[in-house]
Amino acid sequence: MSQIQDQLRREVAKLLEEKTVDLFLGYEDADLPLKTVARFIRTAQDADRLVWNRSCTANLAALLPQAFKKPAGIRGDWTPPRVGVLAKGCVSRSIVGLIKAHQIPREGLFILGVGCDGMIDRHHATQLLGIAELVEAEIDDGALRLRATGGAERVVDVSDVLADACSVCRFRAAVLADATIGDAPDTQEAAERYASVATFESKEMDERWAEFAAEISRCVRCYACREACPNCYCTECFADETEPKWIGATTDLSDLILFHLGRAFHQAGRCVDCGACVAACPQGIDLRLLNQKINQDVEALFGGDVSVSLDEPEPLCQFRMDDDQDFMTEP
Amino acid sequence: MTEKTTRKAGAPDGWEPRIAAFLCNWCSYAGADLAGVSRIQYPPNIRVIRVPCSGRINPLFVVKALQSGMDGVLVSGCHPGDCHYISGNLYARRKFALMKNLLEYVGIEPDRVHFSWVSAAEGVRFAELLHKVIDSVRELGPATKMIKQVEAVR
Amino acid sequence: MLVLTIAKTELPAFAAAIAKGRRLIGPVEDRMGSSFDEISDPAALRLDYRNTHLSPKGVVFPQCETLLVFEGEEGAEHRPEAPETILFGVRPCDARAISLLDRVFAWEGTDDPYYLDRRAKTTIVALACNEPGAACFCTSVGGDPAGEAGADVLAVDLGEQVLLRALTERGEGLLKQADGVAKASDGDVAAAKEIGDAARGKLSKLPIPTDLGTLKGSFDSELWAEEAMGCLGCGACTYSCPTCHCFDITDEAKRGNGYRVRSWDTCAFPLFTLHGSGHNPRPAKDARVRQRVLHKFLYCAENFDEIFCVGCGRCVSNCPTGIDVRRILARLSQLVSTA
Chain W
1 MSQIQDQLRR EVAKLLEEKT VDLFLGYEDA DLPLKTVARF IRTAQDADRL
51 VWNRSCTANL AALLPQAFKK PAGIRGDWTP PRVGVLAKGC VSRSIVGLIK
101 AHQIPREGLF ILGVGCDGMI DRHHATQLLG IAELVEAEID DGALRLRATG
151 GAERVVDVSD VLADACSVCR FRAAVLADAT IGDAPDTQEA AERYASVATF
201 ESKEMDERWA EFAAEISRCV RCYACREACP NCYCTECFAD ETEPKWIGAT
251 TDLSDLILFH LGRAFHQAGR CVDCGACVAA CPQGIDLRLL NQKINQDVEA
301 LFGGDVSVSL DEPEPLCQFR MDDDQDFMTE P
Chain Z
332 MTEKTTRKAG APDGWEPRIA AFLCNWCSYA GADLAGVSRI QYPPNIRVIR
382 VPCSGRINPL FVVKALQSGM DGVLVSGCHP GDCHYISGNL YARRKFALMK
432 NLLEYVGIEP DRVHFSWVSA AEGVRFAELL HKVIDSVREL GPATKMIKQV
482 EAVR
Chain G
486 MLVLTIAKTE LPAFAAAIAK GRRLIGPVED RMGSSFDEIS DPAALRLDYR
536 NTHLSPKGVV FPQCETLLVF EGEEGAEHRP EAPETILFGV RPCDARAISL
586 LDRVFAWEGT DDPYYLDRRA KTTIVALACN EPGAACFCTS VGGDPAGEAG
636 ADVLAVDLGE QVLLRALTER GEGLLKQADG VAKASDGDVA AAKEIGDAAR
686 GKLSKLPIPT DLGTLKGSFD SELWAEEAMG CLGCGACTYS CPTCHCFDIT
736 DEAKRGNGYR VRSWDTCAFP LFTLHGSGHN PRPAKDARVR QRVLHKFLYC
786 AENFDEIFCV GCGRCVSNCP TGIDVRRILA RLSQLVSTA
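Given below as structure tokens:
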């Protein structure tokens, strides 16, 4: 991975030097273990700050639309910058989705694709430490060494702490790119991509409701999930609308349920299962619980892959005359 | 005319389900109207909300209706191929399929939310559909899962 | 004031005893490491935690609370009797944060009865830190791992024993109820001081701008745009912060009847300053990140003579895109004063 990082820094420095791009969006190491910062860099010298490692969890596509928007306070004409972005598979798919939704332009965007073997979910790692806090983390050839407060150490396989979304990811290489670094990653065909859905569905109805309600009750309406999601680009979210007022600003269970059901449903046919929502949630809620069910249905009922091709409309933007209607009520 | 056949044990006496019915203007609403002028009786449990097309249905309408205290929701539009706006109901059909599955998945009783196609000529069918929908909701009893509590104190 | 020691194994029982007839809230293990929760079984109390992912401010300032109930044109304040609460085992930074919130909610004669009622019924037993957390910087902002601000009792983990120092009348009253305690010896007190010194020594002093002129002068600096580039505009930092206190008031009404609710809000949301006219004086993230930092380090310093950051580091740990206030503060410190 460090070779790819070196290649990344060289490529980005070149892109900026040659003025192929004005800005490059990538990851920088944070001051905390297993965490990276999303960073726009402008100069070739800054390229050395960029990293590519197992903690590059944020979906950078979420930060792209604003780079192309005219900043407030600028009068008169303004040309958007040419923006480069480091795109692992899910990020590239989100980019495809955003281009199709006319939220970012294709021209003026330089996609630097990189193959991804999966990111570590920080929460999975910290959960192994129980109540102790993670102080240091080191990866050595597929092994993750964790050091916690109190001196406790644990060594685990990186594959044991991969983000849930990454464990079932099928699109490890960028689906759209202007240039690529690193080698093509091994393909991964997880045997049971929707195992979590099957497990949940196997429970009795009231048990599902109780579990879902308990999970969603942890929500504090910080909207980190929404802001981290590239698909949530609405300038006014339904959750904030007051005319009409869909949901209250409260933590009443029904408001929480409405928000999450509504948001999950708004992703239908667009969610690429990047896991950014889960990574962002400060309460560790398993938001993919809802998205995975919808993703499975979209695949099963409508076929095709979401946000892979620029030419194919998203599943909910098209229809077939013989679409399933077994669910409908007949008198 | 339907009788109050089965009622879920525990439902208060005299309780009747309240069902929000989103009907598309051109087909289902007209079909409901036809039932009326044909003097076909159907139970008074539905509250009709007319929309221009089933494609207008925002999934939030359905969950909001449940949150507001409705015991059931019916969404009805033109038959595929007959949409007044050509394809509104065809896009809607995809949304409805996902919505029905998602609500059942999280534990909302499947018989609370119904989707159907009723044309402007199907007055009798509309009434039969309603009997079925209302009976199925009555069997479930009052909806409680999505109702907003009055006191929002954690 | 009383200074006692108790066997560490007896501490949960002590917590349960002083919380008899009251609500006991303390740190418990949860999927995010630890969080504050109501405790019915004292065995669930986990005092070997570093710090929780969300602050305990929700005990006195809930995420969502009903202010009044109305029916047609008749309205009535909704202020049920606040429960007597023991907030047990909070870190000194969090206790100090509550003392800062006390200043806000009783400021220049505008007393907030909802907050003050809960606060009056809340007794705080703080637990000094033996080790700082990964992102802690309390000593850089006027705090201390064995700080006493805001607490009624300060507990110090001496190993086998725990030192309990009463800091207020109320705290003394609690300690008088304790069973199985002994008066702290000089050796115990010395041991506690050593632990505090050791913890303090492990914290590096970060460059924090305190010169208000410099901070004012930073308003137009380019550093805000650079640092804010990664900001998502979510509320993770604000909602986990022990001193953030902005709120929104909304009505939940149906056909003229309903209730008025106060819930947490954050200046990080784009809608926070959106006017009814459509104008937004903070239209972009740089203005919002600047606001959040300057509010804590400049405006509150001007209003209350206190920096409204206790250095708990939660915003640093919880930010999904890695915005780091320590980094921003270091950069601000480098700006030359223009005042």
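Chains as they are written, first to last, in this note's numbering: chain W, 1 to 331; chain Z, 332 to 485; chain G, 486 to 824.
All residues carry an ideal CB built from backbone N, CA and C; glycine is no exception.
| query | result |
| --- | --- |
| For the alpha helix (DSSP H) that contains W:Trp209, what are its first and last residues? | Met205 to Ile216 |
| To which residues of the same chain is G:Leu606 closer than 7 Å at the C-beta, ignoring the five residues directly before and after it? | Position check: residue 606 of chain G holds Lys in this sequence, whereas Leu was assumed. Excluding positions up to five away in sequence, the list reads Ala567, Pro568, Glu569 and Thr570. |
| List, from N- to C-terminal side, the beta strand (DSSP E) runs of 3 residues or more that fit wholly inside the segment 626-705 of chain G. | 638-642, 646-651 and 666-668 |
| Who are the Cβ neighbours of W:Pro331 in its own chain at under 8 Å, not counting the five residues just before and after it? | none |
| Please decide whether W:Gln325 counts as near chain Z, where near means a Cβ-Cβ distance under 8 Å. | yes |
| Return the Cβ separation of W:Val135 and W:Thr126 in integer angstroms, given the expectation that the two are a contact with Cβ distance under 8 Å. | W:Val135 to W:Thr126, Cβ: 11 Å. No contact. |
| Using CA atoms only, rank isn't needed, just tell me which of G:His538, G:Asp533, G:Ser519 and G:Gly506 is closest to G:Thr494. | G:Asp533 |
| State the beta-bridge partners of G:Ala733 as determined by DSSP. | According to the sequence provided, residue 733 of chain G is Asp. The question's Ala does not apply to it. According to DSSP, which records beta bridges pairwise, G:Asp733 is partnered with G:Ser748. |
| DSSP state of W:Trp52, grouped into three classes? | coil |
| Helix, strand or coil, according to DSSP, for W:Gly304 in the structure here? | coil |
| What does the alpha-carbon distance come out to for the pair W:Lys35 and W:Val158? | 15 Å |
| So with CB distances below 9 Å, who are the chain W contacts of G:Leu539? | Val220, Pro282 and Gln283 |
| Just the C-alpha distance for Z:Glu453 and Z:Arg370, rounded to the nearest angstrom, thanks. | 13 Å |
| Of the choices Z:Met430, Z:Arg443, Z:Ser447 and Z:Ile478, whose alpha-carbon is the least far from that of W:Ile294? | Z:Met430 |
| Between W:Ala249 and G:Asp733, how many whole angstroms is the CB-CB distance? I'm expecting something under 8 Å. | 6 Å |
| Assuming W:Ala30 and G:Asp809 are in contact, meaning their beta carbons sit under 8 Å apart, how far apart are those beta carbons, in whole angstroms? | 7 Å |
| Shortest alpha-carbon distance to Z:Ala423 belongs to which of Z:Leu434, Z:Ser407 and Z:Leu433? | Z:Ser407 |
| When the Cα atoms are used, what is the spatial distance from W:Pro315 to W:Asp322? | 14 Å |
| If we count Cβ pairs, one from each stretch, closer than 8 Å, do we get three or more for the segment 85-100 of chain W versus the segment 229-237 of chain W? | yes |
| Taking C-beta to C-beta, are G:Leu691 and G:Leu820 nearer than 8 Å? | no |
| In angstroms, rounded to a whole number, what distance separates the CA positions of G:His563 and G:Ser748? | 15 Å |
| If we call anything under 8 Å between Cβ atoms a contact, is G:Leu648 one with G:Val638? | no |
| Per DSSP, W:Tyr27 is paired with what? | W:Ala38 and W:Val51 |
| For Z:Pro390, which residues in the same chain have their Cβ closer than 7 Å to its Cβ, ignoring the five residues on either side in sequence? | Lys426 and Met430 |
| Take the Cβ of Z:Ala483 as the centre, count every other Cβ of all protein chains shown within 10 Å, and call the residue buried at 16 or more, exposed below. | Residue placement at Z:Ala483 is poorly supported in this model, since its pLDDT is 40, which falls under 50; the coordinates still yield a value, given next. Counting Cβ neighbours within 10 Å, Z:Ala483 comes out buried, since at least 16 surround it. |
| Among G:Phe789, G:Gly557 and G:Ala684, which residue has its Cα nearest to the Cα of G:Ala613? | G:Ala684 |
| Roughly how many angstroms separate the alpha carbons of G:Thr595 and G:Leu601, rounded to a whole number? | 11 Å |
| Roughly how far, in whole angstroms, is the beta-carbon of W:Ala67 from the beta-carbon of W:Leu23, given that I think they are within contact range, below 8 Å? | 6 Å |
| Can you tell me which of the three DSSP states G:Ser446 falls into? | Past the boundaries of the shown model lies residue 446 of chain G; chain G is included only from 486 to 824, so the question cannot be answered. |
| Which of helix, strand or coil does DSSP assign to W:Asp157? | strand |
| Measure the Cβ-Cβ separation of G:Cys731 and G:Cys752 and say whether it is below 8 Å. | yes |
| Does W:Arg270 get closer than 8 Å to chain G when you measure Cβ to Cβ? | no |
| With a threshold of 8 Å between beta-carbons, can W:Lys35 be considered close to chain G, or not? | yes |
| Let me know the beta strand (DSSP E) ranges lying completely inside the segment 506-539 of chain G, each 3 residues or longer, listed in chain order. | 508-515 and 518-523 |
| Are Z:Leu405 and Z:His445 close, meaning C-beta to C-beta below 8 Å? | yes |
| Is W:Ala165 close to chain G, meaning its C-beta is less than 8 Å from at least one C-beta of that chain? | no |
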